[in-house]
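Numbering (this note's numbering), first residue to last: 40 to 111.
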């Protein structure tokens, strides 16, 4: 329990520990999602999989976002 609290506290403070530079829209993110959809008339659906996304800053006012889902 203490390890989980320490990790949550570290992740909550991490965005404030960035250097004092200007904003940047270049980033990479990833994760894993799971959805269980219960329909009223039988055909229940379960979807899970990983996703990757990110953005690259091109100039001071333009960025190229991209997201890719790998679902099963």
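No residue lacks a Cβ here, since even glycine has one placed at the ideal position from N, Cα and C.
{"Asked": "Alpha carbon of residue 94 to alpha carbon of residue 104, nearest angstrom", "Found": "4 Å"}
{"Asked": "Three-state secondary structure assigned by DSSP to residue 100", "Found": "coil"}
{"Asked": "Opposing strand residues paired with residue 94 [DSSP bridges]", "Found": "66, 104"}
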